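Contents: one structure, followed by commentary.
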Ligand SMILES: [Zn+2]
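Protein chains in written order, with the working numbering: chain A, 12 to 376; chain B, 17 to 281.
The structure is reproduced here in structure tokens:
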């Protein structure tokens with residue numbers, strides 16, 4: 012015989028309820044002044060108590076007729092006792108208890124679904140950014156493949172126009188003319204119309220803007236010991252345009268900032284300004300570097316220029332010492348890259364090359 | 017710890033205070049800000065937790081403190097002991113117009129759920145807890161109904177209702193829909209939920225009382241006609257500094273009232 016502490020509400024009882032004892036097996040409910048019995052035919056069961064841990068058994072008083080006044084309710088609010096009642100419902104009440112348990116499970120499921128949906132909604136921007144970081148290369152490649160040459164040229168021109176005020180262009184001198192001549196030899200037959208620019212800047216650097224703009228720093232020109240070395244650098248840079256490395260790289264940068272802007276709610280990020288900002292710092296992968304090397308080598312051979320200038324310039328950079336030049340931070344050079352270049356040159360066999368016709372090197376600005 | 021049996025007397029009509037009589041050694045807990053006066057022999061003491069037996073032990077105290085921190089309540093309760101050799105009285109005043117409700121917890125099953133700011137004082141031994149409503153609807157729309165105060169014990173507790181008090185006894189299954197702010201207290205046997213009433217359009221474009229608390233019997237509920245938040249809103253709206261206009265009540269008296277209302281500075 013298990014006695015459960017409960018509270019009974021019903022006709023004739025105090026409105027705030029009556030503390031009582033419920034013998035679960037016999038169904039007898041007793042208190043100081045009276046007693047009643049839990050009907051053997053089930054009424055309703057529901058969750059009760061502010062913390063939703065209790066249980067309420069309610070039934071209609073047959074004598075008082077329908078309506079709230081004739082209703083009885085037996086509440087067990089202590090969580091432990093309520094759980095015991097749930098585990099072993101009184102005779103005749105099993106079905107309604109089973110239904111309640113099913114409803115509770117369904118409600119818990121809905122609740123979990125509701126909270127997860129809310130969480131997902133809050134985490135969506137983060138997921139987007141994360142996904143973009145993971146797939147950035149593929150996405151950038153896909154996006155770049157959808158950009159037409161015309162659009163690429165427009166993007167490159169706009170970026171270059173934005174950076175121009177900060178560049179000390181020296182396009183009228185002898186060196187710029189040499190640059191243009193070499194460039195024209197290396198880009199014959201390309202779909203791009205190339206423009207080569209010389210900038211007075213002591214750092215050893217060169218970079219390629221999407222759409223066919225190649226910029227060489229005077230510092231790099233001064234570091235080269237022969238026109239062939241300069242040609243090697245140009246051939247390499249040109250391939251970054253031809254292979255659309257610069258475009259992909261910029262798509263990646265822009266894409267990330269675009270997604271970031273979307274996630275943080277600041278969509279008004281200046282796109283072209285940003286593109287220009289990153290143009291000089293566009294980083295290429297080792298794969299891209301190898302590709303540019305080998306395609307550059309082929310271009311040199313096609314143009315009839317001795318490709319030995321390419322590895323020679325690596326050696327020149329090594330000997331320069333001091334801080335690594337900017338060129339190497341954006342174009343990662345490695346022993347593997349040099350070996351691959353040497354192997355490719357070996358495979359192409361040796362050809363006799365006319366030396367480039369520039370007597371005094373480096374040419375004057 | 018046994019409950020201290022306290023005698024009390026409520027004074028006033030619309031701005032009430034309750035005087036609690038403590039035998040030597042007896043004590044009451046209350047909000048320090050509500051204390052109005054105390055006679056010789058009463059010692060005021062600030063304790064960590066609420067001084068009830070249920071919060072004995074460091075862990076229980078920390079847990080209680082954590083809950084109070086979450087709800088933004090003060091970590092300390094003020095306890096008023098009678099250290100003298102004869103009976104002494106301490107009085108607690110309601111902070112705004114309304115009624116003080118004495119509730120004998122033993123007659124309602126030992127627990128009362130009440131609105132956070134409605135508690136005034138209680139016999140020592142009554143534990144002050146926090147109850148979170150676990151219903152999603154209450155969590156999302158509840159505001160005032162989400163975190164409630166739980167008074168446990170079998171002694172007397174005093175809560176305060178703003179404006180006019182309404183006590184409703186709900187039969188099993190009987191429901192009553194009220195503005196959430198108007199709920200002062202209810203027995204835990206009463207089912208409390210927040211329901212949205214109306215069309216989505218009116219929810220988006222403003223309108224008051226779109227969310228109702230649904231109280232379902234059995235049990236007793238205590239309602240107030242003037243929630244503090246409503247009163248505060250009205251006062252702020254009427255304050256000239258907040259852009260409200262000063263409306264004179266009657267021509268002559270209104271003109272004098274400006275001179276006589278005492279708070280001119
Ligand atoms: Zn490169």
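Every residue gets a Cβ at the ideal spot worked out from N, C-alpha and C, and that includes glycine. Bear in mind the structure is a predicted one, so any value in this text is a computation, not a measurement.
Count the other CB atoms within 10 Å of the CB of residue 263 of chain B; is the residue buried (16 or more) or exposed (fewer)?
What you label residue 263 of chain B is simply residue 247 of the second chain in a count that begins at 1. Here the model assigns residue 263 of chain B a pLDDT of 45, short of 50, so the residue's position is not dependable, and the following value carries that caveat. Within 10 angstroms of the beta-carbon of residue 263 of chain B lie fewer than 16 other beta-carbons, which makes it exposed.
Contacts around residue 316 of chain A, its chain only, beta-carbon distance under 6 Å, and the 5 residues preceding and following it disregarded:
Working through the first chain from its first residue, we reach residue 316 of chain A at position 305. These residues qualify, in order along the chain: 242.
Any idea if residue 34 of chain B is buried or exposed, counting beta-carbon neighbours within 10 angstroms, 16 or more meaning buried?
Here the question's residue 34 of chain B lines up with position 18 in the second chain. Residue 34 of chain B is buried by the Cβ-count criterion.
Could you tell me whether any Cβ in chain A is nearer than 7 Å to the Cβ of residue 26 of chain B?
Position 10 of the second chain, counted from the first residue, corresponds to residue 26 of chain B. No, its Cβ sits nowhere closer than 7 Å to a Cβ of chain A.
Do you know offhand how far residue 30 of chain A's Cα is from residue 254 of chain B's?
For the purposes of this step, residue 30 of chain A is taken as residue 19 along the first chain, with counting starting at 1. For the purposes of this step, residue 254 of chain B is taken as residue 238 along the second chain, with counting starting at 1. Roughly 49 Å separates the two Cα atoms.
Assigned secondary structure, residue 98 of chain B (DSSP; H/G/I helix, E/B strand, else coil)
By one-based count along the second chain, residue 98 of chain B stands at place 82. Residue 98 of chain B: strand per DSSP, three-state reduction.
Go ahead and label residue 277 of chain A buried or exposed: buried means 16 or more other beta carbons lie within 10 angstroms of its beta carbon, across all protein chains shown.
Here residue 277 of chain A refers to the residue found at position 266 when the first chain is read from its first residue. Note that residue 277 of chain A scores 41 on pLDDT, short of 50, meaning its location in the model is unreliable; the coordinates nonetheless yield the value given after this. So residue 277 of chain A counts as exposed.
Amino acids of chain B, ordered along the chain, whose beta-carbon sits closer than 7 Å to that of residue 73 of chain A:
Here residue 73 of chain A refers to the residue found at position 62 when the first chain is read from its first residue. Per Cβ cutoff of 7 Å: no residues; residue 73 of chain A is ~15 Å from chain B at best.
Quick one: Cα of residue 158 of chain A to Cα of residue 228 of chain A, how far?
As a working mapping, residue 158 of chain A is identified with position 147 in the first chain. As a working mapping, residue 228 of chain A is identified with position 217 in the first chain. Taking the straight line joining both Cα atoms gives about 29 Å.
Which residues in chain B sit within 8 Å of residue 60 of chain A, going by Cβ to Cβ distance?
Mapped onto the first chain, residue 60 of chain A falls at position 49. Per Cβ cutoff of 8 Å: 204 and 205.
For residue 125 of chain B, decide whether its Cβ has a neighbour in chain A, counting only Cβ atoms nearer than 7 Å.
Here residue 125 of chain B refers to the residue found at position 109 when the second chain is read from its first residue. Judged by the 7 Å Cβ criterion, residue 125 of chain B is in contact with chain A.
Taking only three categories from DSSP, how would you classify residue 203 of chain B?
Here residue 203 of chain B refers to the residue found at position 187 of the second chain. Of the three classes helix, strand and coil, the one that applies to residue 203 of chain B here is coil, per DSSP.
Taking 7 Å as the threshold (C-beta atoms), are residue 19 of chain A and residue 85 of chain A in contact?
The residue labelled residue 85 of chain A in the question sits at position 74 within the first chain. The residue labelled residue 19 of chain A in the question sits at position 8 within the first chain. In this structure, residue 19 of chain A lies closer than 7 Å to residue 85 of chain A by Cβ.
Does residue 51 of chain A have its Cβ less than 7 Å from a Cβ in chain B?
The residue given as residue 51 of chain A occupies position 40 in the first chain. Not flagged as an interface residue toward chain B: residue 51 of chain A, since no C-beta distance is shorter than 7 Å.
Count the other C-beta atoms from every protein chain shown that fall within 10 angstroms of the C-beta of residue 125 of chain A, then say buried if there are 16 or more, exposed otherwise.
The count along the first chain starts at 1 and reaches residue 125 of chain A at position 114. Under this definition residue 125 of chain A is an exposed residue.
Are there any heavy atoms of ligand 1 lying less than 6 Å away from the beta-carbon of residue 300 of chain A, as far as the coordinates show?
Translated into the one-based positions of the first chain, residue 300 of chain A becomes position 289. Relative to ligand 1, the beta carbon of residue 300 of chain A is positioned inside 6 Å of a heavy atom.
Kindly say whether residue 133 of chain B, judged by its beta-carbon, lies nearer than 7 Å to any beta-carbon of chain A.
The count along the second chain starts at 1 and reaches residue 133 of chain B at position 117. Residue 133 of chain B does not count as touching chain A.
Please confirm whether residue 204 of chain B and residue 127 of chain B have their CB atoms less than 7 Å apart.
In the second chain, counting from the first residue as 1, residue 204 of chain B sits at position 188. In the second chain, counting from the first residue as 1, residue 127 of chain B sits at position 111. In this structure, residue 127 of chain B lies closer than 7 Å to residue 204 of chain B by Cβ.
Chain B contact residues for residue 18 of chain A, given Cβ-Cβ distances below 7 Å:
As a position in the first chain, residue 18 of chain A is number 7, starting the count at 1. In chain order: 125 and 205.
Write down the C-beta distance between residue 146 of chain B and residue 61 of chain A rounded to the nearest angstrom, noting that I regard them as a contact closer than 8 Å.
Position 130 of the second chain, counted from the first residue, corresponds to residue 146 of chain B. Position 50 of the first chain, counted from the first residue, corresponds to residue 61 of chain A. 11 Å between Cβ atoms; not a contact.
Residues of the segment 13 to 45 of chain A whose Cβ lies closer than 8 Å to any Cβ of chain B, in chain order:
For the segment 13 to 45 of chain A, the beta-carbon criterion of a distance under 8 Å to any beta-carbon of chain B is satisfied by 18, 20, 21, 25, 26, 27, 28 and 30.
Taking C-alpha atoms, which residue in B:229, B:121 and B:37 lies nearest to residue 196 of chain B?
What you label residue 196 of chain B is simply residue 180 of the second chain in a count that begins at 1. Nearest C-alpha to residue 196 of chain B: B:229.
Comparing C-alpha positions only, which one of A:261, A:359 and A:17 sits nearest to residue 39 of chain A?
Translated into the one-based positions of the first chain, residue 39 of chain A becomes position 28. Of A:261, A:359 and A:17, the residue nearest in Cα terms is A:17.
Residue 112 of chain B vs residue 46 of chain B beta-carbon contact at 7 Å
Locating residue 112 of chain B in the second chain gives position 96, counting from the first residue. Locating residue 46 of chain B in the second chain gives position 30, counting from the first residue. No. Outside cutoff.
Consider the C-beta atom of residue 303 of chain A and the heavy atoms of ligand 1; say whether any pair is separated by less than 6 Å.
For the purposes of this step, residue 303 of chain A is taken as residue 292 along the first chain, with counting starting at 1. Answer for residue 303 of chain A: yes, Cβ within range of ligand 1.
Give the single residue among A:259, A:65, A:217 and A:234 whose Cα lies nearest to the Cα of residue 249 of chain A.
Here residue 249 of chain A refers to the residue found at position 238 when the first chain is read from its first residue. If we check each option's Cα against that of residue 249 of chain A, A:217 comes out closest.
Output yes or no for whether 7 Å exceeds the beta carbon distance between residue 67 of chain A and residue 82 of chain A.
Numbered from its first residue, the first chain carries residue 67 of chain A at position 56. Numbered from its first residue, the first chain carries residue 82 of chain A at position 71. No. Outside cutoff.
Counting C-beta neighbours from all protein chains within 10 Å, is the total for residue 257 of chain A 16 or more, i.e. buried, or is it exposed?
Here residue 257 of chain A refers to the residue found at position 246 when the first chain is read from its first residue. So residue 257 of chain A counts as buried.
In the structure shown, what three-state DSSP assignment does residue 359 of chain A receive?
Reading the first chain from its first residue, position 348 is the one you call residue 359 of chain A. Residue 359 of chain A sits in a helix when the DSSP states are folded into three classes.
Less than 7 Å between C-beta atoms, sequence neighbours within five positions excluded: which residues of the same chain meet that for residue 343 of chain A?
Along the first chain, one-based indexing puts residue 343 of chain A at 332. Within the same chain, residue 343 of chain A has close Cβ partners 297 and 300.
Return the residues of the segment 97 to 114 of chain A that lie within a Cβ-Cβ distance of less than 7 Å from chain B, sorted by chain order.
Listed by position along the chain: nothing, the set is empty.
If you measure from the beta carbon of residue 301 of chain A to each beta carbon in chain B, is any gap under 7 Å?
Locating residue 301 of chain A in the first chain gives position 290, counting from the first residue. Closer than 7 Å: no.
Does at least one heavy atom of ligand 1 sit under 6 Å from the Cβ of residue 295 of chain A?
The residue given as residue 295 of chain A occupies position 284 in the first chain. Ligand 1 approaches residue 295 of chain A closely enough that one of its heavy atoms is under 6 Å from the residue's Cβ.
Please name the residues in the segment 230 to 247 of chain B whose beta-carbon is closer than 7 Å to at least one beta-carbon of chain A, in chain order.
Of all residues in the segment 230 to 247 of chain B, the ones placed with a Cβ closer than 7 Å to any Cβ belonging to chain A are 234, 235 and 236, in chain order.
Excluding sequence positions up to five away, which residues of its chain have a Cβ less than 7 Å from the Cβ of residue 163 of chain A?
Stepping through the first chain from its first residue, residue 163 of chain A is reached at position 152. Only 221, 222 and 258 meet the Cβ criterion.
With a threshold of 6 Å (Cβ to nearest heavy atom), would residue 208 of chain A be considered close to ligand 1?
Here residue 208 of chain A is taken as the residue at index 197 of the first chain, counted from 1. Result no, Cβ not under 6 Å from ligand 1.
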